[in-house]
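A.B. asks:
Protein chains: 2
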Amino acid sequence: MSKALRIGVAGLGTVGRGVVKVLQQNGDVIAARAGRRIEIVAVSARHRSNDRGVDLSSYRWYDDAAAMAADPGIDAVVELIGGADGAARRIAETALQNGKALVTANKALIAHHGMALAALAEEKKVPIRLDAAVAGGIPIIKAISDGLAANRCTAVFGILNGTCNYILTQMEQTGRSFADILADAQRLGYAEADPSFDVDGIDAAHKLAILSAVAFGARLSFSAISITGIRDVTPVDMKYADEFGYRIKLLGIARHSAAGLEQRVEPCLVRKSNPLAAVGDVFNAVVVEGDFVGRTVYEGRGAGEGPTASAVVADLVDVARGNRTPVFSIPVRQLTALQAVARGALVASFYLHLRVLDEPGVIAAISESLRDQEISIENLVQRGEASGGGIDVILTTHETREDKLITAVDKISKLRTVLNRPVAMRMIRA
Amino acid sequence: MSKALRIGVAGLGTVGRGVVKVLQQNGDVIAARAGRRIEIVAVSARHRSNDRGVDLSSYRWYDDAAAMAADPGIDAVVELIGGADGAARRIAETALQNGKALVTANKALIAHHGMALAALAEEKKVPIRLDAAVAGGIPIIKAISDGLAANRCTAVFGILNGTCNYILTQMEQTGRSFADILADAQRLGYAEADPSFDVDGIDAAHKLAILSAVAFGARLSFSAISITGIRDVTPVDMKYADEFGYRIKLLGIARHSAAGLEQRVEPCLVRKSNPLAAVGDVFNAVVVEGDFVGRTVYEGRGAGEGPTASAVVADLVDVARGNRTPVFSIPVRQLTALQAVARGALVASFYLHLRVLDEPGVIAAISESLRDQEISIENLVQRGEASGGGIDVILTTHETREDKLITAVDKISKLRTVLNRPVAMRMIRA
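Just so you know, the protein sequences line up as chains P and D, in that order. With the first letter of the first sequence counted as 1, position 84 gets the number 83 in numbering that gives the first Met the number 0; the numbers rise by one all the way through. With the first letter of the second sequence counted as 1, position 343 gets the number 342 in numbering that gives the first Met the number 0; the numbers rise by one all the way through.
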C-alpha cells in the first residue's frame, strides 16, 4: 500500500466532528477502497478548549487555519469553516498555493470564487473536490461528472435546501404559518438564528450555480440566478396545492437549451406523481436529465454531521486514489459563458393566489386581465371562507410566457377589489 | 491533450449501436471530460451485413471478437455480447491477458466469473469497469464505490429488472394476469421469447451479487442468493396489496449485519410511501444505506440503448482518465466470504393469499396453524367473490421469523379446505 494521505481539517463544527468520526471508525474500509490510509495529522478551530466529543489528542493543533494550510506535512486540506470570503477563502488559497489538494463543503466560497480557485488548482496541478457542498450525502457532483459523463445534460433541478424543505413539509402537515414553523425550526436547531440564507433561497442558488457548471460546462455566474424564497408561501397555498394534486417545494432549476441557460430558485407546485413531491423533511433530491440516459433521480440527506462528512471523506478517497478530474468536470478555461434565458421568456403553467373583496364583478375583472394577455385559465376556485376581510381566489393557468403573466398580475394587483400582492408560483406538471 | 483511448466494441446489438451513437454525437464533450478523445477503432459482430443505422465504415471490422481483443492497436475492449460463458468470456479474458482495459455490460459474466476476471485484471494492472451491468443508466456502481466510499454499507436493495417491473406495473394498472401481460410484453419487445432470465429473477440476482460485492466487500456468490420470480403473482394479490396500501415489486435485497449476509430476490409488498413503490414501468431504482450517509436512493432507466450506452461510455471515460479503482471497489483478494443468513432466520411481516372452500371452520383452522407458530395476524380479509371454486382469504402478519411462517404455511397447505399452494410475500413497511 502507498503511503498515507495526510490531511488537515479546518473547522470543527458539526461536519468537522463528523469527518473525524468517519475516519476514526471506518479507517480500515476507507483505506481498502482508497488504496492507502487517510490520516488526520492536524486540526484547527477557533476555540481549542471546546469539548467536541471526539478524541483530537493525537492531531497537531493550529489556532491559525491558514498556517495549517501551509504545513508541509499535510497533503490535503479540508475546509469546513464556511462563508464566501474571510478565513475560508484564505485557507483555500493557501492550500492550493502550497500545492495541496483542497476538499470543501463550502458552497458560498465555490459559487463566488470557484472559477479563480479552479484556475489556481489547475496551475498548481492539484485537485479541488466539493461534492459535500451540494446536497450533503448525495454524491451528485460525482454522479454528473463521472456517472453521466457520456451525456450532454439538458436539465438539473431539485430540492437543494433541507431547512426550506423541512419548513414546507411542516406547513403542509400542520396547516400552520411560515413564521410559526420557522420559529419552531429555530428552536429545534433546524434553522439558523438568521434564516435568510436558507429561506430566501440563497443557499439553494449557491448549489445551483455549482450544478450548472458541472452539468453544462457553464461558467459560474451566481448573479444570473433568479431567486425567490419561501417567505410568501401561506397555509392557503398549501391547502389548494394539495387539492389540485400538488405539493409546494423550493426548487433550484437549471435548464440548458437552444434558448440559453435558465437558472432559477423558487417555490413551485410539484405534481404529486413527480418523484420530488414525495421528498419530505430535511431530505434533498436532484433530477438530472441527459440526452442519452434520460431522467435520473438522486435522493438522500442533504445536511447533517453524518451525510456531509460522508461526502467529504468520499472526496478524500478520490484525492487519495490520485483522481485528477477537473473540479467542474472539464478544465476551467473550457467553461463557457452561456447566454441567460430572459426571465420573462419562461413558458410554464402558473398558480395564482389572490385575496379579493367579495362583491360582484371581481372575477370578471381578473379574468379579463388574463384574457388580454392570452392566458388560459385551467382551474378557478373561489370559496366564501376567508378570514379577516376578503376571500381567496385561487387559479391555475395553462402554459403561458412568464412576461405575459407578469403583465396580467401587475394589472390585477392594481384592481381596487384585489387586497393582496398576488402570489404566483410555477407549476411542475411532469 | 493526451493521445486518444482507442477502443474496440464487441457486439453491435441495441447497446453496441448506442455506444457508437454516443461517441459519434458527444465526442467533443466526452473528450473534454475525459481529458482525451475516446476513439472507436474496431468493431465486431456476428453478421457484418446487417444495417445497424450507424456509420461503421471508418472502423476496422472483425468477424472474430477474440481476435479484436488481441489487437495491439486497441487500448480498451467493450464487451456487449452477453452470456456467462462462450464468446463473451473468451473476449474478456483475451482483452485482460493482452493488457487491455475491459468495459462490460454483462452481469451474467461478472456474477459467475467476476472474481477470476478481477484477479486477472489486477495481475495485469488493467481496469475492469461494469457500471452498465447493473441498473442500466443509473451510475450505481460508481455511487457506491466512489460516492459512498466513506461508509460501511448496511443494505442495498431495489428494483433491478425493468421487464419484471413493466409486467407488474401493467398487471397493477389493468387487472390482467401475468401470462396475458407477458405475452403482450413479448410482442412489444419488452420481454424475451424465453423470458425465464427476467421473470424468474435470475437477471436481478446477477445484479444483486455484483452490488453485494461492491457494497459489502463480499466475495461473489451467486449460488447463495435465494431467488423467487414473479410468475405466481396474481391479479388478486395486486388488488389486495393496493387495498392495504402497498405495491408489488420484484426486489433484490442484500443486507449485511452481525447475523451475516442476506441476499434475496423476490416479489415483495412495498408500502406506497416507500420511494421504490412509485417506480413504475421499465424504470429501476436502488436504495443504498450506509452507516454515516443514511439512506440514499438512485433512480433511472434500467435498460435500453441510450441509458446502457451512457453507462458504458461513462466507464470508458473512467478508463481514459486513468482511474485505477479496483473493480469491486477493493482489491479482489480482500473480498470476504461473508456468512449467509439462513433463509428461515429472516424476520419480516408477510402477506399470505389462500384460496379456500367456503365452509365453517376454515378460518379457525388457518388461524390455529398461525397461532401454533406464534404468528400474529395483522389483517384478515375474506370476501365471497371468488370465481371458479373457493374464495380468497388474504392475510398479513406482524413480524415473524420466516421459518415459523414456512412451518405454518406447510400445515395450512395440507388442510382439506385449502385449494391453492399458498402465496406468501414479504412486506417492506418502511
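Glycine is no exception: its CB is placed at the ideal position from the N, C-alpha and C atoms. Since the structure is predicted, the reported quantities are computational estimates derived from the model, not experimental observations.
Check each residue of the segment 319-336 of chain P: if its Cβ is closer than 9 Å to any Cβ of chain D, include it; give the result in chain order.
C.D. replies: Those would be R320, G321, N322, R323, T324, P325, S328, I329, P330 and Q333, in chain order.
A.B. asks: Flag this pair as touching only if the segment 207-227 of chain D and the segment 236-245 of chain D have three or more C-beta atom pairs under 8 Å; answer yes or no.
C.D. replies: At 8 Å Cβ cutoff, the stretches do not touch.
A.B. asks: So the beta strand (DSSP E) K248/P belongs to, where does it begin and stop?
C.D. replies: Run containing K248/P: Y245 to S256, per the beta strand (DSSP E) assignment.
A.B. asks: Label A277/D either buried or exposed according to how many other C-beta atoms from any shown protein chain fall within 10 Å of its C-beta, with 16 as the threshold for buried.
C.D. replies: A277/D comes out buried.
A.B. asks: Could you tell me which chain B residues have their CB closer than 8 Å to the CB of D145/P, listed as they occur along the chain?
C.D. replies: Here the protein chains are P and D, and chain B is not one of them.
A.B. asks: Going by CA-CA distance only, name the one from G289/P, E288/P, G301/P and D290/P that's closest to G279/P.
C.D. replies: Cα-wise, what sits closest to G279/P is G301/P.
A.B. asks: If the cut is a Cβ gap below 7 Å, which residues of chain D does G289/P touch?
C.D. replies: Those are S309, listed as they occur along chain D.
A.B. asks: When we look at the beta-carbon of E398/P and count the other beta-carbons within 10 Å, is it buried (16 or more) or exposed?
C.D. replies: E398/P should be labelled exposed.
A.B. asks: What distance in whole Å lies between the Cβ atoms of L275/P and V264/P, which are believed to be in contact at a cut-off of 8 Å?
C.D. replies: The Cβ separation is near 14 Å, so there is no contact.
A.B. asks: Taking the beta carbon of S368/P as the centre, do at least 16 other beta carbons fall within 10 Å, making it buried, or is it exposed?
C.D. replies: Classification of S368/P: buried, given that the 10 Å Cβ count is 16 or more.
A.B. asks: Using C-beta distances below 6 Å, list every residue in its chain close to L167/P, excluding the 5 sequence neighbours before and after it, in chain order.
C.D. replies: Contacts found: I247.
A.B. asks: So which residues of chain D does T295/P contact, with C-beta pairs closer than 7 Å?
C.D. replies: Under the 7 Å cutoff, chain D gives G136, I137, E298 and G299.
A.B. asks: Using a C-beta to C-beta distance shorter than 7 Å, which residues of chain P count as neighbours of G305/D?
C.D. replies: Result: F291, V292 and G293.
A.B. asks: Using DSSP bridges, identify the partner residues of R354/D.
C.D. replies: In DSSP, R354/D forms a bridge with D391/D.
A.B. asks: Is the number of C-beta pairs between the segment 0-14 of chain P and the segment 310-324 of chain P that are closer than 8 Å three or more?
C.D. replies: Because the criterion of three Cβ pairs below 8 Å is met, the segment 0-14 of chain P and the segment 310-324 of chain P touch.
A.B. asks: Considering just the uninterrupted stretch of the beta strand (DSSP E) at F177/P, what are its terminal residues?
C.D. replies: Looking at the DSSP string, F177/P is not in any beta strand (DSSP E); the run it does join, the alpha helix (DSSP H), is F177 to L187.
A.B. asks: Excluding the 5 residues flanking E261/D on each side, which residues of the same chain have their C-beta closer than 6 Å to its C-beta?
C.D. replies: So the qualifying residues of the chain are R254 and V340.
A.B. asks: Give the residues from the segment 144-174 of chain P that approach chain D closer than 8 Å (Cβ to any Cβ), ordered along the chain.
C.D. replies: Answer set for the segment 144-174 of chain P: S144, D145, G146, L147, A148, A149, N150 and R151.
A.B. asks: From which residue to which residue does the beta strand (DSSP E) around I158/P run?
C.D. replies: From DSSP, the beta strand (DSSP E) with I158/P extends over C152 to I158.
A.B. asks: What's the gap between the Cα of D183/P and the Cα of T103/P?
C.D. replies: Near 30 Å, if we compare the C-alpha coordinates of T103/P and D183/P.
A.B. asks: Check whether the Cβ atoms of A117/D and D314/D sit closer than 8 Å, and answer yes or no.
C.D. replies: No; because the gap between Cβ atoms is not below 8 Å, this pair is not in contact.
A.B. asks: Can you find at least 3 beta carbon pairs, one from the segment 286-294 of chain P and one from the segment 113-127 of chain P, that sit closer than 8 Å?
C.D. replies: Too few Cβ pairs lie closer than 8 Å, so no.
A.B. asks: Just checking: is the beta-carbon of N419/P within a distance shorter than 8 Å of some beta-carbon in chain D?
C.D. replies: Not an interface residue.
A.B. asks: Use the C-beta contact count for S222/D: other C-beta atoms within 10 angstroms, 16 or more gives buried, fewer gives exposed.
C.D. replies: Exposed, by the Cβ-count rule.
A.B. asks: When you compare each of D409/D, A86/D, L101/D and A217/D to V331/D by their alpha carbons, which one comes out closest?
C.D. replies: Residue A217/D is the option with its Cα nearest to V331/D.
A.B. asks: Between which two residues does the beta strand (DSSP E) carrying Y297/P extend?
C.D. replies: Run containing Y297/P: G293 to R300, per the beta strand (DSSP E) assignment.
A.B. asks: Per DSSP, what kind of secondary structure is A3/P in: helix, strand or coil?
C.D. replies: Correct three-state label for A3/P: coil.
A.B. asks: Evaluate the contact criterion for the segment 36-54 of chain D versus the segment 105-117 of chain D: three or more CB pairs, one atom per stretch, below 8 Å.
C.D. replies: Because the criterion of three Cβ pairs below 8 Å is not met, the segment 36-54 of chain D and the segment 105-117 of chain D do not touch.
A.B. asks: With 8 Å set as the bound, which would you pick, yes or no: does the beta-carbon of A131/D sit closer than that to a beta-carbon of chain P?
C.D. replies: No, A131/D lies away from the interface with chain P (no Cβ there is under 8 Å from its Cβ).
A.B. asks: If you measure between the beta carbons of I73/P and G12/P, is that distance less than 8 Å?
C.D. replies: No. Outside cutoff.
A.B. asks: List, in chain order, every chain D residue whose beta-carbon is nearer than 8 Å to that of P274/P.
C.D. replies: Under the 8 Å cutoff, chain D gives P274, A277 and E298.
A.B. asks: Look up R342/D in the DSSP assignment and say whether it is helix, strand or coil.
C.D. replies: Looking at R342/D - three-state DSSP - the assignment turns out to be helix.
A.B. asks: Could you tell me how far apart the beta carbons of V434/D and I390/D are, in whole angstroms, since I believe they sit closer than 8 Å?
C.D. replies: The first residue shown for chain D is 0 and the last is 429, placing residue 434/D beyond what the model contains.
A.B. asks: Cβ closer than 7 Å: which chain D residues qualify as neighbours of V21/P?
C.D. replies: Here the neighbours are A149 and F291.
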